[in-house]
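2 protein chains.
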Amino acid sequence: MDCEVLAIGSELLMGQVVDTNSSWIGERLAAAGIACYHQTKVGDNHARIVAALRVALGRAGAVICCGGLGPTQDDITREAIAEVMGVPMRRDPDVEVALAERFKGRDFPPTNYKQADVPIGASIIRPVIGTAPGLICPVRVPVLGPAGEKVIYAVPGVPAEMREMVDGAVVADLVRRSGERATIRSRFLRVWGVPESKVAQIVAPRLEALEGSGTTIAFLASAIEGVRVRVTTRAVGDDAEAKAEHALDAEEAQLRSLLGEAVGGVGTEGLELVVGRSLVRAGLRLAVAESLTGGMVGARLTSVPGASDWFAGGVVAYGSDVKRSLLGVGPGPVVSEQAAKQMALGVAHLLGADVGLSLTGVAGPGTQDDQPAGTVFVGLAGLPADRAATGPDALAVRATRLTLRGQRPLVREQATTQALDYLRRALG
Amino acid sequence: MDCEVLAIGSELLMGQVVDTNSSWIGERLAAAGIACYHQTKVGDNHARIVAALRVALGRAGAVICCGGLGPTQDDITREAIAEVMGVPMRRDPDVEVALAERFKGRDFPPTNYKQADVPIGASIIRPVIGTAPGLICPVRVPVLGPAGEKVIYAVPGVPAEMREMVDGAVVADLVRRSGERATIRSRFLRVWGVPESKVAQIVAPRLEALEGSGTTIAFLASAIEGVRVRVTTRAVGDDAEAKAEHALDAEEAQLRSLLGEAVGGVGTEGLELVVGRSLVRAGLRLAVAESLTGGMVGARLTSVPGASDWFAGGVVAYGSDVKRSLLGVGPGPVVSEQAAKQMALGVAHLLGADVGLSLTGVAGPGTQDDQPAGTVFVGLAGLPADRAATGPDALAVRATRLTLRGQRPLVREQATTQALDYLRRALG
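Listed in order, the protein sequences are those of chains A and B. First residue of the first sequence: 1, per this note's numbering; consecutive thereafter. First residue of the second sequence: 1001, per this note's numbering; consecutive thereafter.
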C-alpha cells in the first residue's frame, strides 16, 4: 500500500505559509513502512481539489488530505471528497452535539455546524485538540487504476490537530489495510572535508552493490552541513525494526571503511558538536582568533549548549592593527601562513587556553596582501600530538592553506567549516 | 500563462528536508502575476519524474523543476526532461569548459561533467553561485492539453542557486511568454525593534486606504531580518515601470510617516549595513565584546564588504575568566548591567576603538547568575552623544536589559539583532 499527501490551501501555493505538514506526514509514513511517492499542494478550489484527488487515487492506494476542514467559506475539502466518492453528504448528529457542547456559552456562528457534514460511507476521526473531525473515506475506483477499494483520509491543516490524527487513526488504518509489517529507516553519515562529487565517487561501489536490494544511498550537501550520506532501508516481517537496524549498521560499516576519517559523525551531530566532544575527551580548552570570518567560528561553536566547558572564547582580529597589537602578529603580510600561526599562538596565550585555532584570509570582493579572494590560512597551536614532536615546552603550531571558490558569503562559510574540520582531524 | 512547481528529491518526501523552495517560487510567481495552481514533490525516480512532468504539462503552460541537477548518480532530472521532450542529450562544450575552469587544480571526478549534459533544443541558464547550469526546455505537447509550445525550467535544489535563477532568467522568460505589458514591483521597508503584530497595528490605516487599489502591503518577520514590510504594486501600459515606481515612492512616504525611526532601511539593507553606514558618517570605529552570542554580532557586521573601514574587531568572552582578565569585568555577577558596561568599555579600550558594544546574558537552557534564560544586557560605550553629556574626557557608557523568549538559537539571534538595533538607534 502506498499513500500520497495532498495539502490544501491557496496560502501554501503563494508561499505565505510553508507546507511543513506534508514533510511531517512523509516522515511518519516512512517510519511506518508505507511508501509515499508524491506530495501535492493545491489551492482552495473545488474543481482542482477533485481533479488532484483523482490523479492521486489513480497512482496510489491511499491519499491523506490535509487542510480545508474548518468552518469558513474556503473550507471545501469535505464537499470535494464527497464528489470523488460519488455520494451526498449527511449531517452527523453526534458531531453536531459535540460541537454544540464545545462552544456552549460562546458566540458560535451557525456555519460551524458545517464541520458535522460527512460524506455518506465515511467514518469519523474524533478530534482531541481541535473542533474539526477527521474523515476516513473508502472510495471504489475501478476506472482509475487497479480495481478495488482505495481510501482518502481528511485531516485538519492545523499542525497539532493533524499530527494527533495521523499518528493515531490514520497510520493505524493504513497499516491495517496494507496487511504487511514493514518499516523504513534512514541513517545519516556526516562527511566533512570532501566535496559531494568526490564522496559519490568513493562510495560508488556501494551504490552498485546495493542495486536491487532494499537499501539505498543518497547525498545531500551544503557549505555549513558538509555532505550528508543518507542510507535508507526497508524491512518487512515481525522483526522488521531489528532487521532494518542491522542493515543500517552493516552499511554504515561499509561506508566508514571507504570514507575513513572523512566521516565525522552520524545523524544531527554537527561539526561543532564533534569538535567539542573531542576537546572534552582530551581535556583541552579552545580559543579562536578570527579575521575574515568575523566571529562565525565562535558562533558555531557556542551553538552547542555547555560549550563553556571546552571553549574559552576568542578574538575577532578584523583590523590588521588588532592582529599585531593583541595577537602578536609581526611585520609582513597578515594573510600568510606565518600570520595564521602567530594568531593561533597569540590567542591561546591571551585567553589562557590550551589550544588556539586561527583564520586569516581574503573573503572578497577584491584582493588583500596580493592574495586573491578565497585564499585562507588556518593555524592551529598547542595540540598534544604536535607538542610531543617538538618537545614538551614549546607550544607547537601548524597551519594549512585553503583555496576557496564562490562569493564572499560562501567563502566565509566554507572557511568556517574547513577550519573546524582541520581541528576535528587534528584532534583525531 | 500558469506555471506549476515540481520539487524533486526523495529526502523531501521522507521529511528529511522541508521543501521551502516551492513556497519561495510560489511567492515569486504570485509577485510576477503568474498563476500557480499546483506544486508537487516527487522522489529521485526516473519513471515517476517523467510521469509527474507529463501530468503537470497536461494542466499548466509551464513547469519549474527544482533539484536533481547535481553531479551524483541520484541527479536524474536532465534525463527525465529529455525523455518528456523526446530528444537525446548533447554535451555542451561551453559548460564543460566552465566546469573545468571552476575545478582547475582540484581533484575533480569526471562524473562532474554530467552537469554539461543538455537535452537538445534546451537553452542554458548560467550559474553565478554554484556549478550546475539551469535549463529552459521548450516542449511540444499537442496530445496533453492545449496544443502549442509549453516549457519546462530546471533549476538546482540548493536554495541560493535556485533563487538566483528563478528571480533572473525564469521569471523573465515566463513574463515574456505571457505577452502582457505589465509590471509588478515590490519594495521592502526594513523595520527593527518593533514586533510584527505592533507593526501591523501601526500601518492598519494604510491597508484600509489601499483596499481595491493595485497596491498591497504584507509583512514578513524573522529574528535575524526584523520585520519586512512589503509594498507590492502592479501597473500596466507602456509606462508601467514609471507608474509602479511612483506608487511605491508614495506608499513608502506614507509608511515612513507612520513608523518613524523604526524604519532602518529599504530592500536588502540589513541592520549591519545601516550601522556601518552610520559609523562611517560619524567617523567612528567599533569594537564588540560578545558572550552568549559567541561571535554572531561580529559575523553579521563583517558580512558587509569593506567592514574594516568601521569595524576593528572584538573579543568573544565566553568564559567568565576571559571577561575579567581581558575586559576588566570586576567582581560580581557577569550577567548584569554593570558587567555589560565594563565589557563595552573594556573592548573599546583593548582594541583602540572609538565605540564599544557588548552583550552578556543567558542563552539557555538553564539559568546563570540566578538569571533565567533570555535575560540579556547590552552595553554601549563611547558614543559622542553620551560624551557630550558627561564631559569630553570620560568614556560615557550606557546599557539596556532585554528579556527574550524562545529556545537557545532564537535567544541568540534576537540578542544579536536587538544589540545591533540598540546601536543603530543610538547612532541616530
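All residues carry an ideal CB built from backbone N, CA and C; glycine is no exception. The structure displayed is predicted, hence computed values, not measured ones.
Can you tell me whether A:GLY145 is helix, strand or coil according to DSSP? With a pLDDT of only 45 at A:GLY145, under the threshold of 50, the placement of this residue in the model should not be trusted; the figure read from the coordinates follows. In this structure, A:GLY145 counts as coil in the three-state DSSP scheme.
Taking 8 angstroms as the threshold (C-beta atoms), are A:LYS341 and A:ALA334 in contact? A small correction: the amino acid at residue 334 of chain A is Val; Ala does not occupy that position in the sequence shown. Cβ atoms of A:VAL334 and A:LYS341: not closer than 8 angstroms.
Among residues of its own chain, excluding the 5 on either side of B:GLU1011, which ones have a beta-carbon nearer than 6 angstroms to its beta-carbon? Annotation for B:GLU1011: VAL1017 place their beta carbon closer than 6 angstroms to its own, counting only its chain and skipping 5 residues before and after.
Cutoff 8 angstroms: A:VAL155 Cβ touching any chain B Cβ: A:VAL155 does not count as touching chain B.
Would you verify that the beta carbon of B:ARG1185 is, or is not, closer than 8 angstroms to some beta carbon of chain A? Cβ-Cβ to chain A under 8 angstroms: no for B:ARG1185.
Let me know if B:PHE1377 comes out buried or exposed under the rule of 16 or more other beta-carbons within 10 Å of its beta-carbon. Classification for B:PHE1377: buried.
Across the region 404-411 of chain A and the region 1001-1010 of chain B, are there enough close Cβ pairs to call them in contact, namely three or more that are closer than 8 angstroms? The region 404-411 of chain A and the region 1001-1010 of chain B do not touch, with fewer than 3 CB-CB distances between them shorter than 8 angstroms.
Classify B:GLN1407 as helix, strand or coil using the three-state DSSP reduction. In the displayed model, B:GLN1407 falls within coil according to three-state DSSP, outside both helix and strand.
Could you tell me the boundaries of the alpha helix (DSSP H) in which B:ILE1202 lies? Segment 1196-1202, the alpha helix (DSSP H) holding B:ILE1202.
Throw me the rounded Cβ distance for the A:ILE120 and A:GLU164 pair, which I believe falls under 8 angstroms. A:ILE120 to A:GLU164, Cβ: 25 angstroms. No contact.
Is there at least one Cβ from chain B nearer than 8 angstroms to A:TYR318's Cβ? Closer than 8 angstroms to some Cβ of chain B, the Cβ of A:TYR318 qualifies, so yes.
May I ask you to list, following chain order, the residues of the region 1019-1046 of chain B that have a beta carbon less than 8 angstroms from some beta carbon of chain A? Sequence-ordered contacts of the region 1019-1046 of chain B with chain A read ASP1019, THR1020, SER1022, SER1023, TRP1024, ILE1025, GLY1026, GLU1027, ARG1028, ALA1030, CYS1036, TYR1037, HIS1038, GLN1039, THR1040, LYS1041, VAL1042, GLY1043, ASP1044, ASN1045 [C-beta pairs closer than 8 angstroms].
Since I believe B:VAL1315 is in contact with A:VAL315 (beta carbons under 8 angstroms), could you give me their beta-carbon distance rounded to a whole number of angstroms? Confirmed, about 6 angstroms.
Cβ neighbour criterion (16 or more within 10 Å) applied to B:GLU966: One cannot answer for residue 966 of chain B here, as it falls past the ends of chain B, which runs 1001 to 1428.
From this set, A:GLY70, A:ALA60, A:VAL355, which residue's C-alpha is nearest A:ARG279's C-alpha? Sequence check: residue 279 of chain A is Leu here, not Arg. For the set A:GLY70, A:ALA60, A:VAL355, the Cα lying nearest the Cα of A:LEU279 is the one of A:VAL355.
Consider the C-beta atom of A:ASP238 and the heavy atoms of the ligand PLP; say whether any pair is separated by less than 7 angstroms. The ligand PLP is not part of this structure, which contains no ligands at all.
Using the C-alpha atoms, what's the distance from A:THR20 back to B:GLY1145? With a pLDDT of 45 at B:GLY1145, under the threshold of 50, the predicted position of this residue should be treated as unreliable, and no value is reported.
Three-state class that DSSP yields for B:THR1360 in the structure shown: Strand at B:THR1360.
To which residues of the same chain is B:VAL1191 closer than 8 angstroms at the C-beta, ignoring the five residues directly before and after it? Closer than 8 angstroms at the Cβ level, and outside the excluded window around B:VAL1191, lie VAL1199, GLY1226, VAL1227, ARG1228, VAL1229, LEU1259, ALA1262, VAL1263, GLY1264.
How would you list, in chain order, the residues of chain B whose beta-carbon sits under 9 angstroms from the beta-carbon of A:GLU196? Neighbours of A:GLU196 in chain B, taken as residues at a C-beta separation under 9 angstroms, are given in chain order as GLY1070, PRO1071, THR1072.
Determine the burial state of B:LEU1207: buried for a count of at least 16 other Cβ atoms within 10 Å of its Cβ, exposed for fewer. Within 10 angstroms of the beta-carbon of B:LEU1207 lie fewer than 16 other beta-carbons, which makes it exposed.
Would you check if the region 1087-1104 of chain B and the region 1031-1043 of chain B touch, i.e. whether three or more CB-CB distances between them fall below 8 angstroms? Flag = no, the region 1031-1043 of chain B and the region 1087-1104 of chain B do not touch.
Is any beta-carbon of chain B found at less than 8 angstroms from that of A:VAL362? No, A:VAL362 does not count as interfacial toward chain B.
Name, please, each residue of chain B whose Cβ falls closer than 8 angstroms to the Cβ of A:VAL315. From the beta-carbon of A:VAL315, the residues of chain B found nearer than 8 angstroms are GLY1313, GLY1314, VAL1315, VAL1316.
At least one CB of chain A closer than 8 angstroms to the CB of B:ALA1426: is that the case? So no, B:ALA1426 is outside the interface.
8 angstroms Cβ cut-off: residues of chain B touching A:PRO365: The contacting residues are PRO1305.
Buried or exposed for A:PHE311, please, with buried defined as at least 16 other CB atoms from any protein chain shown within 10 angstroms of its CB. By the Cβ neighbour-count rule, A:PHE311 is buried, with 16 or more other Cβ atoms within 10 Å of its own.
Proximity winner among A:VAL170, A:ALA223, A:ALA62, relative to A:LYS150 (alpha-carbon distances): Among A:VAL170, A:ALA223, A:ALA62, the Cα nearest to that of A:LYS150 is on A:ALA62.
Restricting to runs no shorter than 4 residues, where is the alpha helix (DSSP H) found entirely within the region 1242-1293 of chain B? Whole alpha helix (DSSP H) segments, 4+ residues: 1271-1282.
Quick check on B:LYS1041: does DSSP put it in helix, strand or coil? Strand, per DSSP.
Along the chain, where does the beta strand (DSSP E) containing B:PRO1138 start, and where does it finish? Its beta strand (DSSP E) spans residues 1134-1140.
Name, please, each residue of chain B whose Cβ falls closer than 7 angstroms to the Cβ of A:SER308. Ordered by position in chain B, the residues that pass the 7 angstroms Cβ test against A:SER308 are TYR1318, GLY1319.
B:ASP1107 at chain A interface by Cβ criterion, 8 angstroms: Chain A contact via Cβ: present.
By how many angstroms is the C-alpha of B:LEU1174 removed from the C-alpha of B:HIS1349? Using only the alpha carbons, I get a separation of about 57 angstroms.
In angstroms with no decimal places, state the Cα-to-Cα distance between B:ALA1344 and B:ALA1385. So the two alpha carbons sit approximately 16 angstroms from each other.
Could you give the DSSP three-state label for B:ARG1054: helix, strand or coil? In this structure, B:ARG1054 counts as helix in the three-state DSSP scheme.
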